[in-house]
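In the numbering used here, the protein residues as written are 1 to 131.
Even for Gly, the Cβ is constructed at its ideal location relative to N, Cα and C.
These figures come from a predicted structure and were not determined experimentally.
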């Protein structure tokens, strides 16, 4: 499983690194919003994750520079310390997943299962809307 984490929060990245290694088998990337804007998304991505604050801060630029195409029609798994906010920029009406940190591996795997279900639903919706 290839996981992309978009985060400018170094302490959160450090906290998630071991968990990401375990669940992805080492197939993960952690990029800052600046790196994402400069380089875009490289390689196939199965799961898109983002720190809540990074997303809220960088979404407008990500959309303006058309970097969001890689995850425009896929769910995003948001991670944060604390409660889920009411909404995320650019994600209204989309099936996204929220994980509160700290979390254990079982809870994280459950969130990944929810992500997979949401991703499948979005793919089916997109396929049927093309007809």
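Query	Result
Whole-angstrom distance between residue 72 and residue 20, CA atom to CA atom	22 angstroms
Range covered by the beta strand (DSSP E) that runs through residue 133	In the structure as shown, the chain starts at 1 and stops at 131, and residue 133 therefore has no counterpart that could be examined.
Bounding residues of the beta strand (DSSP E) (the contiguous stretch that carries residue 29)	28–31
Neighbour flag for residue 118 against chain D, beta carbons, 8 angstroms	Among the chains in the structure shown there is no chain D, since it carries only a single protein chain.
Where the beta strand (DSSP E) containing residue 79 begins and where it ends	77–80
Segment limits, alpha helix (DSSP H) that includes residue 100	Taken as a continuous stretch (DSSP letters only), residue 100 belongs to no alpha helix (DSSP H), being part of the beta strand (DSSP E) at 97–100.
Runs of alpha helix (DSSP H) wholly within the segment 1–25 (minimum 4 residues, chain order)	10–24
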